[in-house]
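Structure, as structure tokens:
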Amino acid sequence: DYSIFGWPKNLRDQYLEKWHEEHPEPKALHWKTEDEGETYTVPHGYSDTVDHEANFYNAVRTRKPVVENEVFGNNAAIGCHLANYSYFNKCVAVWDASSKKIVKA
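For the sequence shown, this note's numbering gives the first residue as -7, with consecutive numbering after it.
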């Protein structure tokens, strides 16, 4: 709207009327609230650390590759570092693979 404030009032009103006809207000989104959702819990005494270590030891013992390997873990960590860099520096952060550094976009 700021670019049309210098227009004559009648021209501005005509433009806005036509624009609003062509671009109706979007309908409100209806989000599910927590009380409408489902809750999943793990069995009493369950430890994801036990499963994690069992998966690791099984991969070492069988020499079979795991899905979430070192490349997966590295990429996940880079994503976290990018988010932190962006947040603390208040900018868009980009991963420069050639220099292996985070840079401002």
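The C-beta atom is built at its ideal place from N, Cα and C for all residues, glycine as well.
- Query: From residue 61 to residue 15, what distance separates their C-alpha atoms?
  - Reply: Along the sequence shown, one-based indexing puts residue 61 at 69. Along the sequence shown, one-based indexing puts residue 15 at 23. About 48 Å.
- To the nearest angstrom, report how far apart residue 68 and residue 29 are at their CA atoms. The residue labelled residue 68 in the question sits at position 76 within the sequence shown. The residue labelled residue 29 in the question sits at position 37 within the sequence shown. When rounded, the distance between both Cα atoms is 28 Å.
- Can you list, in chain order, the residues of its chain whose CB lies under 8 Å from that of residue 56, leaving out five sequence neighbours each side? Within the sequence shown, residue 56 is the residue found at index 64, counting from 1. Answer for residue 56: 50, listed in chain order.
- Task: Only counting runs of 3 or more residues, tell me where the beta strand (DSSP E) segments fall wholly within the region 27 to 74, in order along the chain.
- Result: With a minimum length of 3 residues, no continuous beta strand (DSSP E) run stays inside the region 27 to 74.
- Query: How big is the Cα-Cα spacing for residue 20 and residue 85?
  - Reply: Residue mapping note: residue 20 aligns to position 28 of the sequence shown, counting from 1. Residue mapping note: residue 85 aligns to position 93 of the sequence shown, counting from 1. Roughly 32 Å separates the two Cα atoms.
- Query: For the alpha helix (DSSP H) that residue 11 lies in, which residues bound it at each end?
  - Reply: Counting from 1 along the sequence shown, the entry for residue 11 is found at position 19. Where residue 11 is concerned, the enclosing alpha helix (DSSP H) stretches over 1 to 14.
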